[in-house]
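S.K.:
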Amino acid sequence: DDKPFVNLGYFPSYSILMGAILNYGYLHDAPSTKTCTSEIAVADTSDGGPPQNITAWLRVVSACCKIRKMHAVFSPSEAEDVLVIVISLFLDRRLEGLLLILGDCLNSLISYFNTSEWESSCLIVAESISKRVKMDLNCLRLVDCITGTNDRSKFLRSQLALQLLKNSFGLKVANVERILKSVTSINVKEKECNFFMLYVHIVLMDNLLFSSDAFRNKTAIIDAWRIFLRNCSTHIGCTDWRFYASKVPKPAFLLCLS
Numbered sequence: 063d064d065k066p067f068v069n070l071g072y073f074p075s076y077s078i079l080m081g082a083i084l085n086y087g088y089l090h091d092a093p094s095t096k097t098c099t100s101e102i103a104v105a106d107t108s109d110g111g112p113p114q115n116i117t118a119w120l121r122v123v124s125a126c127c128k129i130r131k132m133h134a135v136f137s138p139s140e141a142e143d144v145l146v147i148v149i150s151l152f153l154d155r156r157l158e159g160l161l162l163i164l165g166d167c168l169n170s171l172i173s174y175f176n177t178s179e180w181e182s183s184c185l186i187v188a189e190s191i192s193k194r195v196k197m198d199l200n201c202l203r204l205v206d207c208i209t210g211t212n213d214r215s216k217f218l219r220s221q222l223a224l225q226l227l228k229n230s231f232g233l234k235v236a237n238v239e240r241i242l243k244s245v246t247s248i249n250v251k252e253k254e255c256n257f258f259m260l261y262v263h264i265v266l267m268d269n270l271l272f273s274s275d276a277f278r279n280k281t282a283i284i285d286a287w288r289i290f291l292r293n294c295s296t297h298i299g300c301t302d303w304r305f306y307a308s309k310v311p312k313p314a315f316l317l318c319l320s
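Counting from 1 along the sequence shown, just add 62 to a position and that's the residue number in our numbering.
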């Protein structure tokens with residue numbers, strides 16, 4: 063019986079919640095590195111901790127998601143927008159004390175979608191986020207913030223990595239084989255090799271291939287990837303002092319053993 067034990071009172075609409083997050087300082091059409099620029103959030107707290115207004119906003123969004131069986135506060139497209147916002151908020155360093163609340167809100171939003179909605183909505187969310195963040199450590203932080211172990215979280219993590227790699231290599235279609243070829247064609251012996259970007263690509267590729275079970279039976283792809291990682295581990299010397307060169311062999315070696 064889905065009849066509620068209590069009467070449901072007032073719940074804010076999507077437009078009201080969007081207005082509140084814009085007042086906080088969220089820039090809806092800006093890159094994620096500029097997510098929160100308003101001084102309103104800073105003025106809301108006197109001790110330098112997380113602002114109370116965004117704390118309340120996250121809890122309200124979580125509550126709205128958890129009552130969908132009784133009342134759908136968001137349409138699928140609106141839920142997609144809110145999910146993009148919540149993931150982007152993980153880049154706001156003023157909210158580092160709210161990681162548990164952010165994580166709960168993120169998981170609630172991921173669970174909000176019906177089974178028939180999730181796959182298409184997940185792709186829309188991943189593509190939207192990938193267009194808002196630069197290919198630097200911030201993109202890795204966004205992938206890492208999706209910590210859920212359920213199938214939906216794993217799929218979102220994998221798809222976000224896929225879209226980030228697609229954009230990085232300027233591809234129009236997110237084709238895993240073409241992305242793999244682009245990454246493995248990087249010659250680590252060249253003096254001009256950008257080890258920082260190689261490091262980012264390796265971490266993203268690992269999330270793409272191993273976050274979900276989609277590629278478990280794609281032995282050709284997995285084998286080609288492991289060979290590339292092994293080559294990275296052996297061809298980059300421990301005395302190579304180029305930027306990020308020392309960081310590539312370690313994750314590459316560990317990943318090829320996974």
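Just so you know, even glycine gets a beta-carbon here, dropped at the ideal spot from N, CA and C.
1. Going along the chain, which residues of its own chain have a beta-carbon closer than 6 angstroms to the beta-carbon of residue 273, five neighbours each way excluded?
2. Go ahead and pull the three-state DSSP assignment for residue 76.
3. In terms of alpha-carbon separation, which member of 157, 181, 164 and 125 lies closest to residue 403?
4. Give the C-beta separation of residue 164 and residue 151 to the nearest angstrom, bearing in mind that I take them to be a contact with Cβ-Cβ under 8 angstroms.
5. How many angstroms separate the CA atom of residue 120 from the CA atom of residue 167?
6. If the criterion is Cβ atoms closer than 9 angstroms, does the pair residue 222 and residue 188 meet it?
7. If you count every other CB in all the chains shown that lies within 10 Å of the CB of residue 289, and 16 or more means buried, which is it?
8. Comparing C-alpha positions only, which one of 231, 201, 202 and 171 sits nearest to residue 142?
9. Buried or exposed for residue 16, going by 16 or more other Cβ atoms inside 10 Å?
10. Measure the C-alpha to C-alpha separation of residue 262 and residue 199 and round it to an integer number of angstroms.
11. Could you work out which residue in 249, 124, 287 and 114 is closest to residue 169 when comparing CA atoms only?
12. Might you give, ordered along the chain, the residues of its own chain that have their beta carbon closer than 6 angstroms to the beta carbon of residue 127, omitting 5 neighbours on each side?
13. Around the Cβ of residue 73, are there at least 16 other Cβ atoms within 10 angstroms (buried) or fewer (exposed)?
14. Starting from residue 143, follow the alpha helix (DSSP H) in both directions and report where the run begins and ends.
15. Can the beta-carbon of residue 191 be found closer than 9 angstroms to that of residue 202?
16. Can you tell me which of the three DSSP states residue 281 falls into?
17. Pick out whichever of 117, 277, 148 and 196 has its Cα sitting closest to the Cα of residue 259.
18. With burial defined as no fewer than 16 other Cβ atoms inside 10 Å of the residue's Cβ, what is the status of residue 269: buried or exposed?
19. Exposed or buried, what is residue 162 when buried is set at 16 or more other beta-carbons lying within 10 Å of its beta-carbon?
20. Within the same chain, show all residues whose beta-carbon is closer than 6 angstroms to that of residue 76, passing over the 5 residues directly before and after it, in chain order.
21. For residue 244, tell me which candidate among 257, 233 and 254 has the shortest Cα-Cα distance.
22. Measure from the alpha carbon of residue 138 to the alpha carbon of each residue in 177, 83 and 286, then state which is nearest.
M.R.: Considering the structure as presented:
1. Setting aside the 5 residues that flank it on each side, residue 273 is surrounded in the same chain by 216, 219 and 220, each with a C-beta closer than 6 angstroms to its C-beta; the list follows chain order.
2. helix
3. Outside the modelled stretch of the chain, which goes from 63 to 320, sits residue 403, for which no answer is possible.
4. Yes, residue 164 and residue 151 are in contact; Cβ-Cβ is about 6 angstroms, under 8 angstroms.
5. 6 angstroms
6. yes
7. By the neighbour-count criterion, in which a residue is buried when 16 or more other Cβ atoms sit within 10 angstroms of its Cβ, residue 289 is exposed.
8. 171
9. Examination of residue 16 is not possible in this model, given that the chain is present from 63 through 320 alone.
10. 7 angstroms
11. 124
12. 170, 171 and 174
13. exposed
14. 138 to 151
15. No, Cβ-Cβ distance for residue 191 and residue 202 is not below 9 angstroms.
16. helix
17. 196
18. Here residue 269 is buried, its C-beta having at least 16 other C-beta atoms within 10 Å.
19. exposed
20. 136 and 140
21. 233
22. 177
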